[in-house]
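Student:
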Amino acid sequence: MAQVDFQHREIAIKLVYYGPAMSGKTTNLQQIHARMDPRRRGRLLTLDTKEDRTLYFDLLPLAFKSASGVTCKVKLFTVPGQVIHNTTRKVVLQGCDGVAFIADSQIAETKNNNEAFATLKQNWKENRLEAEGIPIVIQFNKRDLPRVRSDDELKRIASRGQEPVFPGIAFKGEGVAETFLGLAAATWESLEKRIGLGNKHGIPRPEFLQSLGKQLGADVDQLNLKGLA
Ligand SMILES: Nc1nc2c(ncn2[C@@H]2O[C@H](COP(=O)(O)OP(=O)(O)O)[C@@H](O)[C@H]2O)c(=O)[nH]1
Ligand SMILES: [Mg+2]
2 MAQVDFQHRE
12 IAIKLVYYGP
22 AMSGKTTNLQ
32 QIHARMDPRR
42 RGRLLTLDTK
52 EDRTLYFDLL
62 PLAFKSASGV
72 TCKVKLFTVP
82 GQVIHNTTRK
92 VVLQGCDGVA
102 FIADSQIAET
112 KNNNEAFATL
122 KQNWKENRLE
132 AEGIPIVIQF
142 NKRDLPRVRS
152 DDELKRIASR
162 GQEPVFPGIA
172 FKGEGVAETF
182 LGLAAATWES
192 LEKRIGLGNK
202 HGIPRPEFLQ
212 SLGKQLGADV
222 DQLNLKGLA
């Protein structure tokens, strides 16, 4: 649940990048970090092993001050993908306000994606995120590789499920801003219902999205934040 600090006029929102090992979660955060102004951006904290697999998690903080004077902090986390780290995943998911599920588009990874999605749904229920109406968006990453699921299949997945679906080539930065800002848009809607982010806390939707987009050098009005449909 977004943390509201009335005394310091501050709101902290937590977004989590979830998915199987090696799907590109850390890469998404690296690309966001790379697009931010080096003079103003926060540190990207990565705690990983030598095999370039996340052991604990990554953390990237973003922040902006709204015209209403409220400071809005958005913290991006990744979870470790390997099956054995479910306890860590549960802890990282606690109190989160939105999730980007990063799937690997390769056909050979379908089972790993499905297993990771099943654990997300399970952890989702246990952490009461489902009951809270916390949004999920999906990125199908690694669209550059051969033997990936087709564009038509992604469209079918998008039309069947409730979650917006974004194609991505994360290591080239493609789809990274759309996924992040699509998640931000869905999270704003959910936080408006839960705590009145715009109405009560003075962070209206356009300002929220434009402020975050600006940090990535992206113009939200030019981006498709709804994904494939
Ligand atoms: N071919 C390809 N490789 C990618 C893409 N995105 C990330 N990778 C690579 O996939 C590997 C795992 O990425 P990483 O972000 O560490 O995965 P994580 O375990 O989900 O955090 C790295 O070698 C990345 O460079 C992509 O879009 N296409
Ligand atoms: Mg990682």
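In my numbering, the protein residues as written are 2 to 230.
Beta carbons: idealized from backbone N, C-alpha and C, even for Gly.
Since we're looking at a predicted model, the values are computed, not measured.
Roughly how many angstroms separate the alpha carbons of R10 and E154, rounded to a whole number?
Tutor: Cα to Cα, R10 sits roughly 45 angstroms from E154.
Student: Measure the C-alpha to C-alpha separation of V149 and N142 and round it to an integer number of angstroms.
Tutor: When rounded, the distance between both Cα atoms is 10 angstroms.
Student: Check whether the Cβ atoms of V100 and I137 sit closer than 8 angstroms, and answer yes or no.
Tutor: Yes, Cβ-Cβ distance for V100 and I137 is below 8 angstroms.
Student: For K51, count neighbouring C-beta atoms within 10 Å of its own C-beta (all shown protein chains included) and say buried if the count is 16 or more, exposed if not.
Tutor: Its pLDDT being 49, under 50, K51 is placed unreliably in this model, and the value from its coordinates should be taken loosely. By the 10 Å Cβ count, K51 comes out exposed.
Student: How is the alpha helix (DSSP H) around Q4 delimited, first residue to last?
Tutor: Segment 4-6 is the beta strand (DSSP E) holding Q4; no alpha helix (DSSP H) there.
Student: Report yes if the CB atom of N29 is closer than 8 angstroms to the CB atom of I103, and no otherwise.
Tutor: Against a cut-off of 8 angstroms, the Cβ pair of I103 and N29 comes out as a contact.
Student: K201 to M37, Cα distance in whole Å?
Tutor: Going by the C-alpha atoms only, they are around 29 angstroms apart.
Student: Determine the contact status of L229 and V177, defining contact as a CB-CB distance below 8 angstroms.
Tutor: Going by C-beta atoms, L229 is not nearer than 8 angstroms to V177.
Student: I'd like the span of the alpha helix (DSSP H) that includes N29, first residue to last.
Tutor: Its alpha helix (DSSP H) spans residues 26-36.
Student: Consult DSSP for I12 and reduce its assignment to one of helix, strand or coil.
Tutor: Correct three-state label for I12: strand.
Student: Assuming A68 and E190 make a contact with CB atoms under 8 angstroms, what is their CB distance in whole Å?
Tutor: The pair is not a contact, with the Cβ atoms about 20 angstroms apart (cut-off 8 angstroms).
Student: Cβ-heavy atom distance between D105 and ligand 2 below 7 angstroms?
Tutor: The answer is no for D105.
Student: Report the three-state DSSP secondary structure of G99 (helix, strand or coil).
Tutor: Looking at G99 - three-state DSSP - the assignment turns out to be strand.
Student: Which whole-angstrom value describes the C-beta separation of L213 and V75, a residue pair presumed to lie in contact below a C-beta threshold of 8 angstroms?
Tutor: With 8 angstroms as the limit, L213 and V75 qualify as a contact, their Cβ atoms being about 7 angstroms apart.
Student: Under 7 angstroms from any heavy atom of ligand 1, does the C-beta of N142 make it?
Tutor: Yes, the Cβ of N142 comes within 7 angstroms of a heavy atom of ligand 1.
Student: CB L16 to CB D145, shorter than 8 angstroms?
Tutor: Against a cut-off of 8 angstroms, the Cβ pair of D145 and L16 comes out as no contact.
Student: G20: which of K112, R157, H34 sits nearest, CA to CA?
Tutor: Looking at the Cα atoms, K112 is the closest of the given residues.
Student: DSSP three-state label for K156, please.
Tutor: Reduced to three states, the DSSP call for K156 is helix.
Student: Output the distance between the C-alpha atoms of T120 and V92, rounded to the nearest integer angstrom.
Tutor: Cα to Cα, T120 sits roughly 13 angstroms from V92.
Student: Please tell me whether, using a cut-off of 7 angstroms, the distance from the CB of D38 to the nearest non-hydrogen atom of ligand 2 is below it.
Tutor: Because no heavy atom of ligand 2 lies under 7 angstroms away, the Cβ of D38 does not count as near it: no.
Student: What are the residues that DSSP puts in a beta bridge with T79?
Tutor: Beta-bridge pairing links T79 to Y18.
Student: Looking only at its chain, what residues have a beta carbon closer than 6 angstroms to the beta carbon of D220, apart from the 5 residues adjacent to it on each side?
Tutor: Taken in chain order, the list of residues that qualify is empty.
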